[in-house]
Amino acid sequence: MAMRAAMPLARPPAATPEARLADVRARIARACRDAGRDPAEVTIVAVSKTQSAAAIAELMAQGVATFGENRVQEAAAKWPALRAAHPGIALHLVGQLQSNKAAEAVALFDRIHSLDRPSLVEALARAAERAGRAPGLFLQVNIGDEPQKGGCAIAGVPALLARARDAGLPVEGLMCVPPAGVEAAPYFALLAGLAADLGLAGLSMGMSDDLEAAVMLGATHVRPGSALFGPRTVAAAPAASPA
Ligand SMILES: *Cc1c(COP(=O)(O)O)cnc(C)c1O
Numbered sequence: 003m004a005m006r007a008a009m010p011l012a013r014p015p016a017a018t019p020e021a022r023l024a025d026v027r028a029r030i031a032r033a034c035r036d037a038g039r040d041p042a043e044v045t046i047v048a049v050s051k052t053q054s055a056a057a058i059a060e061l062m063a064q065g066v067a068t069f070g071e072n073r074v075q076e077a078a079a080k081w082p083a084l085r086a087a088h089p090g091i092a093l094h095l096v097g098q099l100q101s102n103k104a105a106e107a108v109a110l111f112d113r114i115h116s117l118d119r120p121s122l123v124e125a126l127a128r129a130a131e132r133a134g135r136a137p138g139l140f141l142q143v144n145i146g147d148e149p150q151k152g153g154c155a156i157a158g159v160p161a162l163l164a165r166a167r168d169a170g171l172p173v174e175g176l177m178c179v180p181p182a183g184v185e186a187a188p189y190f191a192l193l194a195g196l197a198a199d200l201g202l203a204g205l206s207m208g209m210s211d212d213l214e215a216a217v218m219l220g221a222t223h224v225r226p227g228s229a230l231f232g233p234r235t236v237a238a239a240p241a242a243s244p245a
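Using our numbering, you'd call the opening residue of the sequence shown number 3 and step up by one each time.
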């Protein structure tokens with residue numbers, strides 16, 4: 003077998019949604035046991051970007067109650083019907099949000115994980131006031147200081163938090179997408195430390211390949227996609243660049 007030292011070992015994909023979900027739950031349970039945490043503290047946000055309504059409904063039937071999408075447009079096309087058919091499901095936005103889609107996002111999502119700049123604070127505050135409701139918010143942090151990535155610079159997080167609170171927005175925690183291809187744990191530890199310093203309880207971190215490290219380091223929301231749905235057959239459109 004060829005060695006690919008730099009890549010994380012690929013897991014053989016489980017054959018059914020039921021088996022994939024059991025595997026994800028077992029991975030989270032093991033990490034919780036190792037960390038002395040209660041698995042009930044960890045919400046699985048099943049990232050359903052590019053997935054069909056049928057595939058999503060299959061996971062709902064297995065008891066998954068929280069889903070994540072990375073684009074407002076895709077969520078607006080897929081979710082109104084799914085929500086009508088499955089009351090009680092929570093929908094989270096995990097991708098970049100353009101300010102001109104703030105109102106639509108406030109109407110569609112129960113949580114937004116990608117608040118990363120002052121202009122978006124203002125847009126969300128206006129939209130929330132008009133809608134009479136505000137989704138819970140996570141401040142997205144550019145934890146690896148990558149120029150191409152969304153997220154607020156680490157140094158700017160306290161000011162962004164203050165601004166969001168001044169605007170009356172409910173900030174619940176921090177979120178990150180660590181750099182690809184390197185060990186994620188140091189970035190998760192950095193985000194956890196930042197959240198602790200700021201007194202924020204929520205930590206949205208960990209995707210299919212690094213759930214264990216995220217849970218060990220305190221994730222309250224993990225965001226597996228392919229581990230639950232199988233490999234995405236359609237490439238996800240990149241989340242819109244902020245405006
Ligand atoms: C796509 C995506 C995920 C899920 O990624 P997988 O590698 O399929 O688990 C999680 N978070 C964000 C922000 C994403 O865009």
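Glycine is no exception: its CB is placed at the ideal position from the N, C-alpha and C atoms.
Every value quoted in this text rests on a predicted model; they were computed, and no experiment measured them.
| Item | Value |
| --- | --- |
| Cβ neighbour criterion (16 or more within 10 Å) applied to residue 201 | exposed |
| Segment limits, alpha helix (DSSP H) that includes residue 113 | Residue 113 -> not in any alpha helix (DSSP H); beta strand (DSSP E) instead, spanning 113-117. |
| Any 3 or more C-beta pairs closer than 8 Å across the segment 65-75 and the segment 29-39 | no |
| Other residues of its chain near residue 5: CB distance less than 8 Å, five sequence neighbours each side excluded | Unreliable positioning characterises residue 5 in this predicted model, as indicated by a pLDDT of 47, which lies under 50. The coordinate reading is nonetheless provided below. Answer for residue 5: no residue qualifies. |
| Residue burial classification, residue 144 (beta-carbon count within 10 angstroms, cutoff 16) | buried |
| Own chain residues within Cβ distance below 7 Å of residue 109, not counting five before or after | 133 |
| Start-end ranges of the alpha helix (DSSP H) lying completely within the segment 146-225, minimum 4 residues | 159-168, 187-200, 213-218 |
| Residue 158 CB to nearest heavy atom of ligand 1 below 8 Å | no |
| In DSSP terms, what residue 45 is bridged to | 223 |
| Environment of residue 18 [buried if 16+ CB atoms lie within 10 Å] | exposed |
| Straight-line Cα distance separating residue 61 from residue 141 | 28 Å |
| Beta carbon shell of ligand 1 at less than 5 Å from a heavy atom | 49, 72, 96, 209, 210, 225, 226, 227, 228 |
| Burial state of residue 230, where buried means 16 or more other Cβ atoms lie within 10 Å | buried |
| Whether residue 113 touches residue 153 by CB criterion (9 Å) | no |
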